[in-house]
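To start, the structure under review is shown below, and the notes come after it.
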Amino acid sequence: MAASKTSESSSRVISTKPPIGCALLLMDLFRSYLHQQRLPVTHQREAIAMSLFESEQQLSVDDLAELLRRRGEHVGKATIYRTLSLLVEADLARELDFGEGFKRYEHQAGEARYDHLICTNCGRVERFTRPAVDDLQDEIAAELGFFVQSRRLEIYGLCGRCKAGEREIGEDVGVRPK
Ligand SMILES: [Zn+2]
Numbered sequence: 022m023a024a025s026k027t028s029e030s031s032s033r034v035i036s037t038k039p040p041i042g043c044a045l046l047l048m049d050l051f052r053s054y055l056h057q058q059r060l061p062v063t064h065q066r067e068a069i070a071m072s073l074f075e076s077e078q079q080l081s082v083d084d085l086a087e088l089l090r091r092r093g094e095h096v097g098k099a100t101i102y103r104t105l106s107l108l109v110e111a112d113l114a115r116e117l118d119f120g121e122g123f124k125r126y127e128h129q130a131g132e133a134r135y136d137h138l139i140c141t142n143c144g145r146v147e148r149f150t151r152p153a154v155d156d157l158q159d160e161i162a163a164e165l166g167f168f169v170q171s172r173r174l175e176i177y178g179l180c181g182r183c184k185a186g187e188r189e190i191g192e193d194v195g196v197r198p199k
């Protein structure tokens, strides 16, 4: 069914492992947001949001278009962009820019704060949360008299597989430290 095409994103595995409860909760919040904004809850908006909510990965617009296509949903990229903007405004998604020349998006449930490790060789992204990092941030901010509004911690390097030589170094996916 899925025509295999070689592209940047196909070098990464796009999986959807659904933490279903969480996705459904986020979907309820999205519907409420749309009602609040007096915007229609369309099938396309729901399909786009659900694809993001069910994924534990940081997806580009191309990734989402591909996921939707595999589900038999034909949604234009402009619609995907607009829906992602709404999700970001609703605080249900976060926009990420790892200097790849395109943005990625991940769903965000509530207050959870994620930091990222980015492989400069294969483009793999791992997200993590560590209370110790939050504590350190608060400590530093207090020391310097800062009120923290947001944080972006991106660690660039080689993922385990690239480090072990399982992927050829220089298999370029265009990720560059900024
Ligand atoms: Zn890698």
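Heads up, the sequence shown is in our numbering, so the first residue is 22 and it goes up one at a time. Here a beta-carbon is modelled for each residue, glycine too, at the ideal position from N, C-alpha and C.
Around the C-beta of Ser25, are 16 or more other C-beta atoms found within 10 angstroms, so that it is buried, or is it exposed?
For the purposes of this step, residue 25 is taken as residue 4 along the sequence shown, with counting starting at 1. Any reading at Ser25 must be qualified, since the residue scores a pLDDT of 41, below 50, and its modelled position is unreliable; the value itself is stated next. Ser25 should be labelled exposed.
Exposure label - Ser53; buried when at least 16 CB within 10 Å
In the sequence shown, counting from the first residue as 1, residue 53 sits at position 32. When all chains shown are included, Ser53 counts as exposed.
Name the residue from Gln79, Arg66, Arg103, Lys124 whose alpha carbon lies nearest to the alpha carbon of Leu138.
Sequence index remark: in the sequence shown, residue 138 carries index 117 (1-based). Closest option to Leu138, Cα to Cα, is Gln79.
In the DSSP output, what is Arg115 paired with across the bridge?
One-based indexing of the sequence shown puts residue 115 at position 94. Arg115 pairs with Glu127.
Outcome for Thr104 when other beta-carbon atoms lying within 10 angstroms are tallied against a minimum of 16
For the purposes of this step, residue 104 is taken as residue 83 along the sequence shown, with counting starting at 1. Flag for Thr104 reads buried.
Starting from the C-beta of Glu189, find all residues in its chain whose C-beta is less than 7 Å away, skip the five residues before and the five after it, and write them out in chain order.
Here residue 189 refers to the residue found at position 168 of the sequence shown. There are no such residues.
Along the alpha helix (DSSP H) that carries His64, what are the first and last residues, could you check?
Walking along the sequence shown from the start, residue 64 turns up at place 43. Looking at the DSSP string, the run of the alpha helix (DSSP H) that includes His64 is 64-74.
DSSP on Leu80, reduced to helix/strand/coil?
For the purposes of this step, residue 80 is identified with residue 59 of the sequence shown, where counting begins at 1. In the structure shown, Leu80 sits in a strand (DSSP, three-state: E or B).
Report yes if the CB atom of Leu108 is closer than 8 Å to the CB atom of Phe149, and no otherwise.
Walking along the sequence shown from the start, residue 108 turns up at place 87. Walking along the sequence shown from the start, residue 149 turns up at place 128. No, these two residues do not count as a Cβ contact at 8 Å.
Nearest by alpha-carbon distance to Ser171: which of Tyr135, Gly186, Arg182 is it?
As a working note, residue 171 is residue 150 in the sequence shown. Residue Tyr135 is the option with its Cα nearest to Ser171.
Nearer than 7 Å: is that true of the beta carbon of Cys143 relative to any heavy atom of ligand 1?
The sequence position of residue 143 within the sequence shown is 122, counting from 1. Answer for Cys143: yes, Cβ within range of ligand 1.
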